[in-house]
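So for the sequence shown, this note's numbering puts the first residue at 31; every next one is plus one.
Think of the CB as a built atom: it goes at the ideal place given N, C-alpha and C, for glycine as much as any other residue.
To keep things clear, I will list the structure first and then write my remarks on it.
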Amino acid sequence: MASFTIWHISKNRNFPLNLSDEFSGLVVRECNFDEAKTLQPDDSGIHLFFFQVEAADLDTQCRILDELPTLLPFFRVVLVPEADYRRADQLLRVRKRLYLLDDAIKSGVLQMFLSTLLQMERYRHIIQDFSTQLRAHREFFDSFSNLIQKEMSQVKGESVAYQHLLEFEQRYRVFEEQVNSAINEAFRLKEHEMLRVQDAFMAMEKLQDFRDSELQLARDTLRAAEIALNLSREENLERDKIIEALQHLNIYTDSEVVELYRENQDLRKKLGMPARE
């Protein structure tokens, strides 16, 4: 099984994602732009190079990217500040297998993008292995065929060797068809994987938009609740003032009744009438 390595080239930054769950044994190697000049990745593993470019060092780091011929066979993803994307696009000259992204990309989308590139590299390794095996079997078949033909020319009456040759050729043709079928299946899986990732990209974007709208709705609801709470508090204060005024009015009314009763009693005495109880 081929090993997976992500080379993270940056200025004192840490790799922002975690792909270990999807790619068992994946290794992330950190280095700076000066160290990237001396990288010599082996051909047996699957490598992906992820560059994080700083706005202050844009010119220098883009120039270093153009001067890394040993990395041309591998996928390179360059992440630049959103405000400097257009300028970086103009500065980068060597664009073979290079993808330029701005840092406004969502982390989930970036993770799926890097995952897709690693899967594509895995398919490419599978196809290369098939091709290598096919060439090895073809060379063996050619040498075996030449040997049999030489023997046949020496012993024309011998049919056993010729029969073996025919059987071997038939088995080889079957093997070749199986290899071609496997290569076609690998390409089909690759295309299917790209369609799946594209659909996932769109779904994730829609989900993020939905979450943003839900968050905005929640904020609006909270703001409306705060306004309603403030209005309720103001109404309670007004109600308390009204109750207090009514209480004062009741006290004032009771005192007036008592005073009026006393005046009535005095008047009855003056008139010689009995007092009321």
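Euclidean distance between Cα positions of residue i and residue j
i, j, result
"Asp296", "Ala258", "57 Å"
"Leu147", "Ala248", "37 Å"
"Lys67", "Gln208", "42 Å"
"Tyr202", "Thr162", "15 Å"
"Glu206", "Met142", "35 Å"
"Asp242", "Glu268", "39 Å"
"Phe53", "Gln149", "9 Å"
"Val288", "Asn266", "33 Å"
"Leu130", "Phe79", "12 Å"
"Ser137", "Ala254", "32 Å"
"Arg93", "Pro99", "12 Å"
"Met303", "Glu274", "41 Å"
"Leu49", "Glu264", "55 Å"
"Arg292", "Arg298", "10 Å"
"Asn42", "Glu244", "36 Å"
"Lys236", "Leu47", "21 Å"
"Val139", "Glu256", "36 Å"
"Gln200", "Arg218", "27 Å"
"Ile272", "Leu261", "17 Å"
"Val204", "Asp89", "55 Å"
"Leu301", "Asp270", "47 Å"
"Asp239", "Val124", "35 Å"
Reduced DSSP secondary structure (H/G/I, E/B, other) of residue i
i, result
"Leu131", "strand"
"Leu78", "strand"
"Thr35", "strand"
"Glu60", "strand"
"Val110", "strand"
"Phe205", "helix"
"Phe105", "strand"
"Ser145", "helix"
"Pro99", "helix"
"Met303", "coil"
"Gly138", "helix"
"Thr43", "The sequence as given places Arg at residue 43; Thr does not occur at that position. Arg43 falls in the coil class under three-state DSSP."
"Phe53", "coil"
"Lys271", "helix"
"Val315", "In the structure as shown, the chain begins at 31 and stops at 307. Residue 315 is therefore absent and cannot be evaluated."
"Asn48", "coil"
"Lys126", "coil"
"Glu84", "coil"
"Asp159", "helix"
Residue of the options minimising C-alpha distance to residue i
i, options, result
"Val58", "Val204, His77 and Ala66", "His77"
"Ser40", "Glu151, Lys136, Leu56 and Asp64", "Asp64"
"Pro111", "Leu101, Gln91, Leu98 and Ala85", "Ala85"
"Glu97", "Glu289, Leu122 and Asp132", "Leu122"
"Glu215", "Phe81, Asp73, Gln120 and Ile156", "Ile156"
"Arg116", "Asp132, Phe79 and Lys299", "Asp132"
"Gln91", "Pro71, Asp250 and Asp119", "Asp119"
"Ala212", "Phe160, Asn42 and Ala254", "Phe160"
"Cys61", "Leu301, Leu128, Phe45 and Ala166", "Phe45"
"Lys126", "Ala113, Phe104 and Ser145", "Phe104"
"Ser74", "Gln200, Arg154 and Arg292", "Arg154"
"Arg165", "Asn210, Val139 and Leu140", "Asn210"
"Leu69", "Gly55, Asp51, Asp89 and His38", "His38"
"Gln158", "Ala32, Lys300 and Asn294", "Ala32"
"Asp87", "Pro71, Asp72 and Asp114", "Asp114"
Buried/exposed call for residue i, threshold 16 Cβ in 10 Å
i, result
"Ala134", "exposed"
"Glu151", "buried"
"Arg106", "buried"
"Leu102", "exposed"
"Leu252", "exposed"
"Gln82", "buried"
"Thr35", "buried"
"Val108", "buried"
"Leu95", "buried"
"Leu144", "buried"
Distance cut-off 7 Å: residue i Cβ against heavy atoms of the ligand NAP
i, result
"Val107", "Annotation note on the ligand NAP: not contained in the displayed structure, which lists no ligands."
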